[in-house]
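Per the working numbering: the sequence shown = residues 238 to 658. To keep things clear, I will list the structure first and then write my remarks on it.
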Amino acid sequence: MPEVFADLVGQDEAVAELRRAAAAATAVLRAGAADRAPALIAAGPASDAGSALTAGGVDPSAGMTHAWIFTGPPGSGRSVAARAFAAALQCVHGTGCGECPGCRTTLGGTHADVRLVVPEGLSIGVGEMRALVLRAASTPSGGRWQVVVISDADRLTEAAGNALLKAIEEPPPRTVFLLCAPSTHPDDISVTIRSRCRVVPLRQPPAAAVAEVLVRRDGIAPDVAQWAAAAAQGHVGRARRLARDPEARKRREAVLAVPRRLTGVGAAFDAASALIEAAEAEAEASVTEADTAERTALETALGAGGTGRGAAGAIRGAAGQLKELEKRQKSRATRAQRDALDRALVDLAGFYRDALTMALRAPVAPVHTDTAALAGAGAQKWDAEGSLRRLESVLACRAAIEANVKPRIAVEAMMLALWKG
Ligand SMILES: [Zn+2]
238 MPEVFADLVG QDEAVAELRR AAAAATAVLR AGAADRAPAL IAAGPASDAG SALTAGGVDP
298 SAGMTHAWIF TGPPGSGRSV AARAFAAALQ CVHGTGCGEC PGCRTTLGGT HADVRLVVPE
358 GLSIGVGEMR ALVLRAASTP SGGRWQVVVI SDADRLTEAA GNALLKAIEE PPPRTVFLLC
418 APSTHPDDIS VTIRSRCRVV PLRQPPAAAV AEVLVRRDGI APDVAQWAAA AAQGHVGRAR
478 RLARDPEARK RREAVLAVPR RLTGVGAAFD AASALIEAAE AEAEASVTEA DTAERTALET
538 ALGAGGTGRG AAGAIRGAAG QLKELEKRQK SRATRAQRDA LDRALVDLAG FYRDALTMAL
598 RAPVAPVHTD TAALAGAGAQ KWDAEGSLRR LESVLACRAA IEANVKPRIA VEAMMLALWK
658 G
């Protein structure tokens, strides 16, 4: 296994900062082991550094802090970066070697002192957060750090955010919080939480860097890797899926066929239905297996089919637990549908962006090389202004769905706008 930061594509500055912090964290542990109590510098809300943990002689700005936020566009590798940093903190060599038990178990998701929070519904609730904060306060069993990774911190409810804030304001000495969010805008992260964290901004990786990692790590042929990296617009995970999964390629082709299908009002509504239904089907395929496995596991744990004394009471309790599970699964399905629809909209936006750059004769490579001719025809017909209007209506649709407009309504409005131009 290569060292833990190898998969962070095109993020040299962030990786350098994380390496320095991991080294500083190890220095803190050594100082603690040598019975020199490590200094804890609690920074005020105005400070950018958060509360810095420094061993004697280490520059505080290069040091370790209790709370971090990884920001960047989708697919830039926020959660990959957080997980790699968690591994470096648990690495027995303090470097993130990728080989030792600390690195391996963290990356494999089985380290006892690393907790990953991946919200399955639309938001992370206060109950879940309180339980997490409580467990994170315990002494690390591996003797290093208790690390909590929150992969979509922008999906915290307000109450959950407050529970987290309390923990970040007075962090237990060996606890580290790693938050991931699209940005540090107050819509994504509360100002008070942000003021206690050090921010690690990630960039959208260039297509060439994404292609390189697909070839090196996943053994994908160079020409396929280049096509997928461009089509995925800097999203590493999406590029890998396009390169490997024929179903994902078929779905993308269907989305990119939308512009030439828009021949009238009826066709616009049909295209809207097709897009929504494809997202539903994709989402269902992605959650069905997990749903069934969870239900079977819960029924087994509850002793399904049990008889005898106490069975009636057990069944009443079981009904409540099954209902709770169904609620969680429904929320996860909604989230999966939105994610699938959003991927489709990003592909569609790429098409109109291509038309726009061609109308402007901008010297940039197209996002979708396979529909470049079609985008070129659109550029001639619509000119830059018409291409831009269409691109904006796709982006407006994404924003509307993000703001909780019913997806079907938003997509129908978008299709009509794309047809009318
Ligand atoms: Zn290691």
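Ideal Cβ placement from N, Cα and C applies to all residues, glycine included.
Bridge partners of residue i, per DSSP?
{"i": "threonine 308", "result": "Ala418, Pro438"}
Apart from the five residues on each side of it in sequence, which residues of its chain come closer than 7 Å, Cβ to Cβ, to residue i?
{"i": "valine 295", "result": "Note that valine 295 has pLDDT 43, beneath the 50 cutoff, so the model's placement of it is unreliable and no number is given."}
{"i": "serine 284", "result": "Caution applies to serine 284, whose pLDDT of 40 falls short of 50 and renders its modelled position unreliable; the model cannot decide the point."}
{"i": "alanine 659", "result": "An answer regarding residue 659 cannot be provided, because it is not within the stretch 238 to 658 covered by the chain."}
{"i": "glycine 659", "result": "Look at the range of the chain in this structure, 238 to 658, and you will see that residue 659 is not part of it."}
{"i": "valine 648", "result": "Ala509, Leu512, Ile513, Cys634"}
{"i": "glycine 333", "result": "Glu240, Val241, Phe242, Ala259, Ala321, Ala324, Ala325, Cys340"}
{"i": "glutamate 517", "result": "Gln574"}
{"i": "alanine 592", "result": "Ala612, Gly615, Ala616, Trp619, Ser624"}
{"i": "alanine 274", "result": "Confidence is the limiting factor: at alanine 274 the pLDDT is only 46, short of 50, which leaves the residue's position unreliable and the question unanswerable from this model."}
{"i": "serine 420", "result": "Thr308"}
{"i": "alanine 368", "result": "none"}
Once the 5 residues before and after residue i are set aside, which same chain residues still bring their CB inside 6 Å of it?
{"i": "valine 252", "result": "Phe242, Leu245"}
{"i": "leucine 401", "result": "Met366"}
{"i": "proline 282", "result": "Because proline 282 carries a pLDDT of 42, less than 50, the predicted location of this residue cannot be relied on, and the following value inherits that uncertainty. Excluding sequence neighbours, proline 282 sits near Ser432."}
{"i": "tryptophan 382", "result": "Leu326, Arg411, Val413"}
{"i": "glycine 293", "result": "With a pLDDT of 45 at glycine 293, under the threshold of 50, the modelled position of this residue cannot be trusted, and the question is left open."}
{"i": "lysine 618", "result": "none"}
{"i": "alanine 438", "result": "The displayed chain sequence assigns proline, not alanine, to residue 438. Excluding positions up to five away in sequence, the list reads Thr308."}
{"i": "alanine 573", "result": "Ala520, Ser523, Val524"}
{"i": "alanine 373", "result": "Gln383, Val385, Thr412"}
{"i": "glycine 335", "result": "Met238, Pro239, Glu240, Val241"}
{"i": "leucine 416", "result": "Ile306, Ile387, Ala390"}
{"i": "arginine 489", "result": "Asp584"}
{"i": "leucine 653", "result": "Ala505"}
{"i": "proline 409", "result": "Ala374"}
{"i": "arginine 440", "result": "none"}
{"i": "leucine 539", "result": "Ala555"}
When the Cα of residue i is compared with those of the options, which residue comes out closest?
{"i": "valine 631", "options": "Ala321, Ala505, Thr429, Leu585", "result": "Leu585"}
{"i": "alanine 398", "options": "Ser378, Pro408, Ala373, Val428", "result": "Alanine is not the amino acid found at residue 398; the sequence shown has glycine there. Nearest C-alpha to glycine 398: Val428."}
{"i": "valine 436", "options": "Glu519, Phe414, Val447", "result": "Phe414"}
{"i": "glutamate 536", "options": "Ala522, Gly554, Ala610, Val524", "result": "Gly554"}
{"i": "arginine 446", "options": "Ala476, Pro438, Pro409", "result": "For the record, residue 446 in the displayed sequence is alanine; it is not arginine. With distances taken between Cα atoms, alanine 446 lies closest to Ala476."}
{"i": "serine 360", "options": "Arg454, Ala319, Leu451, Ser388", "result": "Ser388"}
{"i": "valine 492", "options": "Arg257, Gly333, His605", "result": "His605"}
{"i": "leucine 255", "options": "Gly331, Ala268, Thr594, Cys337", "result": "Gly331"}
{"i": "proline 459", "options": "Gln558, Gln441, Ala577, Arg481", "result": "Arg481"}
{"i": "valine 329", "options": "Ala323, Ala321, Pro338", "result": "Pro338"}
{"i": "tyrosine 589", "options": "Leu655, Arg580, Ala577, Arg635", "result": "Leu655"}
{"i": "threonine 533", "options": "Gln558, Glu514, Gly613", "result": "Gln558"}
{"i": "alanine 609", "options": "Gly623, Thr594, Asp620, Ala650", "result": "Thr594"}
{"i": "arginine 627", "options": "Val461, Ala650, Arg580", "result": "Ala650"}
{"i": "glycine 247", "options": "Leu266, Arg267, Ala268, Ser313", "result": "Ser313"}
{"i": "glycine 380", "options": "Pro408, Ala636, Leu539, Gly269", "result": "Gly269"}
{"i": "leucine 497", "options": "Gly658, Pro377, Cys434, Lys643", "result": "Residue identity check: residue 497 is arginine in the sequence provided, not leucine. Minimum Cα distance to arginine 497 is reached at Gly658."}
{"i": "valine 355", "options": "Ala418, Ser375, Pro377", "result": "Ala418"}
{"i": "alanine 448", "options": "Ala469, Glu250, Arg440, Cys434", "result": "Ala469"}
{"i": "aspartate 507", "options": "Arg645, Gly587, Pro483", "result": "Arg645"}
{"i": "serine 316", "options": "Leu353, Ala349, Arg598, Ala304", "result": "Leu353"}
{"i": "asparagine 641", "options": "Arg267, Asp579, Glu629, Thr302", "result": "Asp579"}
{"i": "valine 495", "options": "His303, Asp249, Lys403, Leu582", "result": "Leu582"}
{"i": "alanine 485", "options": "Ile638, Ala577, Glu561, Glu407", "result": "Ala577"}
{"i": "threonine 377", "options": "Ala465, Val351, Glu639", "result": "Reading the sequence as shown, one finds proline at residue 377 and not threonine. With distances taken between Cα atoms, proline 377 lies closest to Val351."}
{"i": "glutamine 566", "options": "Gly587, Pro600, Asp528", "result": "Asp528"}
{"i": "glycine 587", "options": "Ala556, Ala515, Glu629, Glu563", "result": "Glu629"}
With a threshold of 8 Å on Cβ separation, who are the neighbours of residue i within its own chain once the five nearest residues in sequence on each side are excluded?
{"i": "glycine 501", "result": "Trp656"}
{"i": "valine 450", "result": "Asp244, Val246, Val473"}
Establish whether the CB of residue i and some CB of chain C are separated by less than 9 Å.
{"i": "leucine 255", "result": "Absent here is chain C; the protein component of the structure consists of one chain."}
Please give the ranges of any alpha helix (DSSP H) in the segment 328–413, keeping only runs that are unbroken, at least 4 residues long and fully inside the region. 338–345, 363–373, 395–406
Report yes or no: do three or more beta-carbon pairs, one from the segment 468–482 and one from the segment 334–349, lie closer than 8 Å? no
Enumerate, from N- to C-terminal direction, the unbroken alpha helix (DSSP H) stretches of 4 or more residues contained entirely within the segment 446–476. 459–468
Output the residue ranges of the beta strand (DSSP E) runs that lie fully inside the segment 547–602 and measure 3 residues or longer, sorted by chain position. none
Validate contact between the segment 445–459 and the segment 558–571 using beta carbons, cut 8 Å, 3 pairs: no
Enumerated in chain order, which unbroken segments of the alpha helix (DSSP H) with a length of 4 residues or greater are wholly contained in the segment 495–530? 495–498
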